[in-house]
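A.B. asks: Following this note's numbering, the numbering of the sequence shown begins with 7 at its first residue and continues without gaps.
Built from N, CA and C at the ideal position, the CB exists for glycine as well.
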Amino acid sequence: MKKISFFARNFLVVLLLIASVVANGQAKKLPNIVILATGGTIAGAGASSTGSAYTSGQVKIEAMIDAVPNIRTLANLKGEQVANVGSQDMSVKVWLDVANRVNTLLKSNDVDGVVITHGTDTQEETAYFLNLVVKSDKPVVLTGSMRPSTALSADGPLNMYNAVALAANPDAKGYGVMVVMNDEIHAARDVKKMYSTPVQTFQSPQEGMIGTVIFGDILFFHKPSGRHTTNSEFSVDGVKSLPRVDIVYGCADMSTDLIDIMVKAGAKGIVIAGLGDGNMNAGTLEAVKRATKAGIPVVRATRVPIGAVLIKGEVVDADYGSVSSDELNPQKARILLMLALQKNRSREELQKLFIEY
Ligand code: ASP
C-alpha cells in the first residue's frame with residue numbers, strides 16, 4: 007500500500023472537517039415543520055388492500071411520517087398526536103386545542119410551518135376555523151387522504167409529502183390556512199368536499215384552486231379572498247367553548263317547526279341550508295322571523311354547491327331579520343356565526359362579517 011505524506015493526510019482531515027461543517031450547516035438550514043395529527047382516513051387501516059372497509063384514525067403520526075419516502079429531506083419534522091378520530095367525530099374542543107397549539111408553535115422562531123393531518127369529512131370546517139383564529143402568516147396546511155394507509159395506491163403518503171413541501175416553503179406565507187390533496191392547493195374559505203370517495207374530492211368550485219404542488223414543486227395561481235389569520239378579528243385566547251349553532255337543511259315541503267325546535271333545544275344561532283338562493287317555504291320563513299325577533303340570529307346559506315346568497319333576492323333579509331351567508335356554505339357559515347356570537351352584534355354588523363370573511 008502506498009504511504010501518504012503527513013501533509014497530505016492532514017490536508018485530507020481538514021477537507022473532511024470542512025465538508026462535515028458544510029453538511030451540518032445545510033441540515034440546519036432545513037425548515038422546521040411540526041405535523042399535528044388528528045386521525046382520519048390518512049391514518050386509517052383496513053384488513054384488505056383492495057377492500058373498501060376500514061377504520062379511520064388507527065395509525066400513529068411517527069409511523070405515518072416513516073411511510074413517506076424522502077419526507078425528511080424537505081424539513082426537520084416533529085410529529086404530535088393531538089387526536090386520532092374519524093373527522094365525523096371532530097369537535098369544538100379539538101378545534102380549540104389545535105388552534106391554541108398552532109398559535110403557540112408558530113410564535114416560536116424555531117417553527118416555520120405546521121401541517122395538520124385530518125379526515126376529509128370535516129377538513130374544510132377545521133381549515134376555515136383555523137383560518138379565522140390562527141395569528142400568524144406562516145404556512146398552515148391541512149391534508150388527508152381518501153384511501154386508508156393499507157389500501158392499494160394509498161393517496162396519503164404523497165399528500166403528506168406535498169403538504170410538508172408547501173408548509174416548508176417561505177413563499178407560502180400569507181395565504182392563510184390551506185388544504186393540500188391530490189396535487190392541488192385550496193384556500194380554507196373556498197374549499198369544499200365534493201365527492202364522497204374519489205381522491206379528487208376537494209375542489210374550490212367558485213374561486214378555483216390557489217395553486218398546485220406536484221412532488222413538492224409549488225406553483226401559486228392567486229391569493230385567497232376574504233379576511234384571514236393576521237387580518238382576522240377572531241381569537242381563541244381564553245375561549246373554552248363556542249355557542250351552539252345548528253343547521254337546518256331545506257327541502258320541498260320541509261317541516262316548518264325545525265327552527266323553533268332548535269331554539270327550544272338551546273341553539274344560540276341557526277344556519278339554513280336553503281334551496282337555491284337561500285330560499286325556504288313560507289312556514290319556515292315565519293319561523294325565521296320568530297327566531298330573529300327572539301334575538302336568535304339566522305343565517306341563510308344554500309344547499310347548492312356554487313354561488314352566493316343574495317341579500318335582496320326572492321327573500322329580502324331585512325324583512326325577516328336574517329343575514330345572508332354570502333359565499334359561505336352552511337357548515338362554514340356555522341363556524342363564522344359561532345365565533346361572531348362571542349360578542350353582541352347587530353344584524354348589520356353580522357352581515358358585514360359574512361361579506362368580509
Ligand atoms: N370519515 C373519514 C374522516 O373524515 C373520511 C376521510 O378521512 O376521508 O375521518
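Taking 6 Å as the cut-off, is the CB of Ser97 close to at least one heavy atom of the ligand ASP?
C.D. replies: Not so, every heavy atom of the ligand ASP lies at least 6 Å from the Cβ.
A.B. asks: Hey, how far is the Cα of Leu112 from the Cα of Ile267?
C.D. replies: Cα-Cα distance, rounded: 42 Å.
A.B. asks: Please name the residue in Ala279, Ala273 and Val65 whose C-alpha comes closest to that of Ala314.
C.D. replies: Ala279
A.B. asks: If we ignore side chains and look at the alpha-carbon of each, how far apart do Tyr326 and Gly232 end up?
C.D. replies: 26 Å
A.B. asks: Using the beta-carbon count (16 or more within 10 Å), is Lys338 buried or exposed?
C.D. replies: buried
A.B. asks: With a CB to CB cut of under 7 Å and the five nearest residues on each side skipped, what residues in its chain are close to Gly289?
C.D. replies: Thr262
A.B. asks: If you drop the 5 nearest sequence neighbours on each side, which residues of the same chain put their C-beta closer than 7 Å to that of Glu320?
C.D. replies: Asp283 and Asn285
A.B. asks: Counting only runs that start and end within the stretch 289-350, where is the beta strand (DSSP E) found for 3 or more residues in a row?
C.D. replies: Contiguous beta strand (DSSP E) elements confined to the stretch 289-350 occur at 304-308, taking only those with 3 or more residues.
A.B. asks: Identify every residue that forms a DSSP beta bridge with Leu225.
C.D. replies: Thr218
A.B. asks: Are the beta-carbon atoms of Thr47 and Pro176 separated by less than 7 Å?
C.D. replies: Cβ distance not < 7 Å, so Thr47 and Pro176 don't count as in contact.
A.B. asks: Are Ser241 and Leu138 touching if we call contact CB-CB under 7 Å?
C.D. replies: no
A.B. asks: Grouping DSSP H, G and I as helix and E and B as strand, with all else coil, what is Thr126?
C.D. replies: coil
A.B. asks: Quick check: the stretch 73-90 against the stretch 212-221, are at least 3 beta-carbon pairs closer than 8 Å?
C.D. replies: Too few Cβ pairs lie closer than 8 Å, so no.
A.B. asks: Say yes only if the C-beta of Gln87 is nearer than 6 Å to one or more non-hydrogen atoms of the ligand ASP, and no if none qualify.
C.D. replies: no
A.B. asks: Answer with buried or exposed for Leu164, where buried requires no fewer than 16 other C-beta atoms within 10 angstroms of its C-beta.
C.D. replies: By the neighbour-count criterion, in which 16 or more other beta carbons inside 10 Å mark a residue as buried, Leu164 falls on the buried side.
A.B. asks: Let me make sure I understand the geometry here. Which of Asn106, Asp223 and Asn335 has the alpha-carbon closest to that of Val245?
C.D. replies: Asn106
A.B. asks: With which residues is Met184 paired in a DSSP beta bridge?
C.D. replies: Val147 and Ala193
A.B. asks: My guess is that Val185 and Leu148 are in contact by the Cβ rule of under 8 Å, so how many angstroms apart are they, rounded?
C.D. replies: About 5 Å separates the two Cβ atoms, so the contact holds.
A.B. asks: Are Asp143 and Thr236 touching if we call contact CB-CB under 7 Å?
C.D. replies: yes
A.B. asks: Evaluate Lys199 with the Cβ neighbour count: other Cβ atoms within 10 Å of its Cβ, from every protein chain shown; 16 or more gives buried, anything less gives exposed.
C.D. replies: Per the 10 Å Cβ criterion, buried.
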